[in-house]
Amino acid sequence: MSDLTRLHASDLAAQLADGSVTSVEATQAQIDRIAAVDGDLNAFLHVDAEGALATAADVDARRAAGESLPTLAGVPIAVKDLINTVGQPTTAGSKILEGWVPPYDATVVTRLRAAGLPILGKTNLDEFAMGSSNEHSAYGPARNPWDTGRIPGGSSGGSAAAVAAFEAPLALGTDTGGSIRQPGAMTGIVGVKPTYGGVSRYGVIAMASSLDQVGPMARSVLDAALLHEVIAGHDPRDSTSIDAPVPSVVEAARRGDVAGLRIGVVREFAGEGFQPGVQRRFDEAVAKLADAGAEIVEVSCPSFTHGIAAYYLVMPSEVSSNLARFDAMRYGLRVSPDGNPSPSAEQVMAATRDAGFGDEVKRRIILGTYALSSGYYDAYYGSAQKVRTLIAQDFTAAFEQVDVLFSPTAPTTAWRLGEKSDDPLAMYLEDVCTIPANLAGVPGINVPIGLADDSGLPVGGQFLAPAQADERLYNAGAALERLVPAPVLEEVVR
Amino acid sequence: MSTPTKTPLVPFDDALTRYEPVMGLEVHVELGTRTKMFCGCATEFGAEPNTQVCPVCLGLPGALPVVNAKAVESAIRIGLALNCEIAEWCRFARKNYFYPDQPKNFQTSQYDEPIAFDGYTDVEVDGEVYRIEIERAHMEEDTGKSLHVGGATGRIHGADHSLLDYNRAGIPLIEIVTRTIEVPGDKAPAVARAYVNQLRDLMLALGVSDARMDQGSLRADVNLSLKPTGSSTLGTRSETKNVNSFRSVERAVRYEVGRHAGILDAGQKVVQETRHFHESDGSTSSGREKSDAEDYRYFPEPDLAPVAPSRAWVDELRGTLPEPPSERRKRLQAEWEFSDLDMRDTIGAGALELIVATVEAGAAPQAARKWWLGELARRSNDTGVDLAALPITPAQVAGIQALIDAGKINDKLARDVFDGVLAGEGTPEEVVASRGLEVVSDDGALGEAVDRAIEANPDVADKIRDGKLQAAGALIGAVMKEMRGQADAGRVRELILEKLS
């Protein structure tokens, strides 16, 4: 039965629909696969075999009774452990929430349940989604199935590794500065950050509220589109959720036609810092898109180079406020200071936050606290917001010339665990291509474009589209996927 | 802790010979919306602790706020009633500080973009009108409540543990901030009281809040500093928090004037700090020092969309406003046929709305005024409880007057009925019944009492027979005494005169 785990979600859905396989069989196959390989990958922080199989059995029974079911009913999924799930712990990859079981489901989880997707478990991540390598998880890093000595990217590294290693056909990730797209690139899978407001954030533990977005991760563009359709759409519980019809992403993913499409190649995303093997795969992809009838236009977005600087002011500012609630008063870890038999609430808060948060989280809280301080606000947070506006204007200008933008997703392929741990700045630079989309709220997709000839590891290409034109990503992505087949992992490389 | 050495309190009038008070008032109004500011939880007062909570108002991970449209509507109507401009576009902001009663460790409030700004309201004290300028009225959420157990003071200091109730967390608040109020120093306490009182009346007229200071749905903070008479340099201010009755507003101003004057007279510096007001003796004590270094790190709330009320909506809401307070006062005075002095006393006592309600419940205006400004004002003074907070309703006052009008009780018995109602013994009718207070006008019983009085006072009886009718008073008094005040005095007089004619 192990070949069931290799199916695309769309193909598995078809087999479930025609009765050639049951959801219990497919779900059990994933559980077996997780048992076989996750010891090497650490992609899952929690596996809920019982819950997943119960959902699967329910779907099978309803199908047997002749009930008409949603497309993905019975297709198992993994959920990033930043997203609240009733009945399963949600830790955000942090010690401060170890063992916390949310009393309510995130809206996206409610929608998964309504659509009949068995939830296999919760996937590893950098603590509170802060990182590009998964090394900041408090529960040990997830590993890259292409080489378990390497990082799977981050912060949705667990979801990416799980999908790439056939532990799950689908996963949910979250993307604040590239956290879906970059691990997608590192592990050779598809990952989409929808338009800001396209998918509800309700019940998703906030890192940076104005940047966070939940999105699908899968092994094909169509699979991502099918999942996108399940989770997207207006949610009255999220004030930043867009009240408009969901873009027709599935139809676009089935179309996949770039003839006559104007594709802008961002001049600023090349050159220094870009690994030659990545650049070569990218150039080949551009050539193939041109051969397929796309019109390739070089565009300049000069403000994009300031994206990282602006991001590292806006994001930590919001982090410093969003993470203030973890104070031991109502839920989560509670630590009493050493040698103090009757500590004050304030002392308990301080001791808990000191013990419960990792270094990267503390680093960002401190940065953000400073950036928002009176006297510094205008120079830091205020200026960053202005840069944000400039970046949005660059996007607007670019999308007057072209339909989508195209760039490498990340400047390098997956690095070795520990390689950049002592150099936060080098790590931050990994997100140079992905951050502008978050700052402007526009959607982006990672599509695998082969293995780098210098490292033998997956390379990703990124399309960006205007806000609420997510379907353009799926159309261009599906075309690219046909032109440049995704690399196929034979087996986890230990 | 706040001052290097304890300085004497200077008598208020003495302080005014050298200093002028500069006041500012911040009033928090808890809106009477059915649900909280950013979630669907109920807002009922007095529920079991932590029963009106949800992921949003508990600040659980992942929860997001959604603005209560009714609260925005109330905020706009309050702004309009205070003659404010209404923002065409404004945002919420996060005010960041750690405190256990604050679930997210930030308060969702408004900072530099309030929904309403640049307004005023005119208050009347002793017949003079004073204009209070309103700097802003903004929306925010309330915090939970801490109960500190084990300490002597009920404050966190010295307590051995604290209990937290988040029912109040997230209840919509409107904070109304005045600009600096500069009025003649001797008027400052009364103006402060009149302003807070007027806000209460306005909230009731708008129907946006029950505005009960005793339950904390209207809370006043008094900011006060002194400047030397004639000087333009402002002094350092203190901020007396959560003063919870109209009378206390007045007392807090008086006390702080005296305290500041004492410090300044001694050549010391007033410390910028928050202070607690003590109902028991009208004093204030140091809360926490509020240095300029306190930094709330405000920034626009990214989880909420900006509020952009359309002009059409604002105009529509303008059409729902109650009559402005000054016009309303003039109209009521005319309708009630009150003298200027009656009206001034009524306003000064904070009894205007109470009389309105009592008249609406059927009492004559003069009768309503007599009870609220007489009997009930006396009880309010004796107990230190605001008139409006006395445990008696305007309808009950009207009910007592109706019993008098029907001849069932007299004014003297009415005082006993007030006692009973205030003691929680039930409606006026129930009190009359249970205390046996009904007047006796049954001629049989009265006649016997009159006969006994005549028999016991033959001299007086002779005088009356001789035509000295004014002497009847002594016999009436004797009958009333025997009947323990429960006789219909008019009928007693008639009977005496009949029997002695």
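Chains as they are written, first to last, in this note's numbering: chain B, -14 to 479; chain Y, 9 to 509.
Glycine residues also receive a C-beta, built at the ideal position from the N, C-alpha and C atoms.
* Asked: Is the stretch 392 to 405 of chain B touching the stretch 367 to 374 of chain B in the sense that three or more CB pairs, one from each, lie closer than 8 Å?
  -> no
* Any beta strand (DSSP E) of 3 or more consecutive residues that is wholly inside the stretch 136 to 199 of chain B -> 155 to 159 and 175 to 178
* For Pro428 of chain B, the first and last residue of its enclosing beta strand (DSSP E) -> From DSSP, Pro428 of chain B is part of no beta strand (DSSP E); its letter is neither H nor E.
* Which bits of chain D does Glu283 of chain B rub up against, with CB to CB less than 8 Å? -> Considering every chain present, this structure includes no chain D. Its protein chains are B and Y.
* **Below-8 Å beta-carbon distance, Ser440 of chain B vs any chain Y residue** => no
* Asked: Can you give the Cα-Cα distance for Ser256 of chain Y and Phe20 of chain Y, rounded to whole angstroms?
  -> 15 Å
* Shortest alpha-carbon distance to Gly561 of chain Y belongs to which of Y:Val75, Y:Phe426 and Y:Cys98? -> Examination of residue 561 of chain Y is not possible in this model, given that chain Y is present from 9 through 509 alone.
* Asked: Under the three-state reduction of DSSP, which class applies to Met9 of chain Y: helix, strand or coil?
  -> Because Met9 of chain Y carries a pLDDT of 42, less than 50, the predicted location of this residue cannot be relied on, and the following value inherits that uncertainty. Three-state result, Met9 of chain Y: coil.
* Grouping DSSP H, G and I as helix and E and B as strand, with all else coil, what is Tyr27 of chain Y? -> strand
* Ala147 of chain B versus B:Tyr124, B:Gly173 and B:Ala123, residue with shortest Cα-Cα distance -> B:Gly173
* Straight-line gap, Leu274 of chain B to Ala63 of chain B (C-alpha atoms, nearest Å) -> 32 Å
* **Coil, strand or helix - Val389 of chain B by DSSP** => strand
* To do: Kindly say whether Tyr89 of chain B, judged by its beta-carbon, lies nearer than 8 Å to any beta-carbon of chain Y.
  => yes
* **Backbone CA spacing between Glu506 of chain Y and Thr366 of chain Y [nearest angstrom]** => 39 Å
* Asked: Hey, out of B:Glu257, B:Ser144, B:Ala191 and B:Phe267, whose CA is closest to Arg204 of chain B's CA?
  -> B:Ser144
* Taking 8 Å as the CB-CB cut-off, is Ser141 of chain B touching chain Y? -> no
* Asked: Under a CB-based cut-off of 8 Å, is Asp311 of chain Y close to chain B?
  -> yes
* Neighbour flag for Ser194 of chain B against chain Y, beta carbons, 8 Å -> yes
* Contacts that Pro221 of chain B makes with chain Y (C-beta to C-beta distance below 8 Å) -> Val74
* **Secondary structure, beta strand (DSSP E): runs of 3+ residues fully inside the stretch 63 to 112 of chain Y** => 101 to 104
* **Close-in-space but distant-in-sequence residues of the same chain around Ala359 of chain Y (CB under 7 Å, 5 per side omitted)** => Trp380, Leu381 and Leu395
* Name the one or two DSSP bridge partners that Lys489 of chain Y has. => BP columns for Lys489 of chain Y are empty, so no partner.
* Asked: At what residues does the alpha helix (DSSP H) containing Thr366 of chain Y begin and finish?
  -> Leu360 to Glu368
* chain Y within 8 Å of Asn69 of chain B, Cβ atoms only -> yes
* Residues, ordered as in the chain, of the stretch 173 to 191 of chain B that lie near chain Y by beta-carbon distance below 9 Å -> Ser185, Arg186, Tyr187, Gly188, Val189, Ile190 and Ala191
* Under 9 Å (Cβ pairs) to chain B, residues found in the stretch 48 to 61 of chain Y -> none
* CA-CA distance, Phe474 of chain B and Trp131 of chain B? -> First, the residue type needs correcting, since residue 474 of chain B is Leu and not Phe in the sequence shown. About 7 Å.
* To do: With DSSP as the reference, label Met202 of chain B as helix, strand or coil.
  => strand
* **Chain-ordered neighbours of Arg187 of chain Y on chain B, where CB pairs are closer than 8 Å** => None at all; the shortest Cβ gap to chain B is about 22 Å.
* Can you pull the chain Y residues whose beta carbon is under 9 Å from the beta carbon of Ser358 of chain B, in chain order? => Asp303 and Arg305
* Would you say Val6 of chain B and Leu(-11) of chain B are within 8 Å of each other, going by their C-beta atoms? -> yes
* Asked: Going straight from the alpha carbon of Leu172 of chain Y to that of Lys195 of chain Y, what length do you get?
  -> 40 Å
* Return no unless some Cβ of chain Y is closer than 8 Å to the Cβ of Ser144 of chain B. => no
* Measure how close the beta-carbons of Thr337 of chain B and Leu308 of chain B come, nearest whole angstrom, since I'm counting them as under 8 Å. => Contact doesn't hold; Cβ gap of about 12 Å is too wide.
* Any chain B beta carbon closer than 8 Å to Asn510 of chain Y -> Residue coverage of chain Y in this structure runs from 9 to 509, which leaves residue 510 of chain Y outside it and unanswerable.
* Quick one: measure Cβ to Cβ for Val432 of chain B and Gly446 of chain B, integer angstroms, because I've assumed they're closer than 8 Å. => 5 Å
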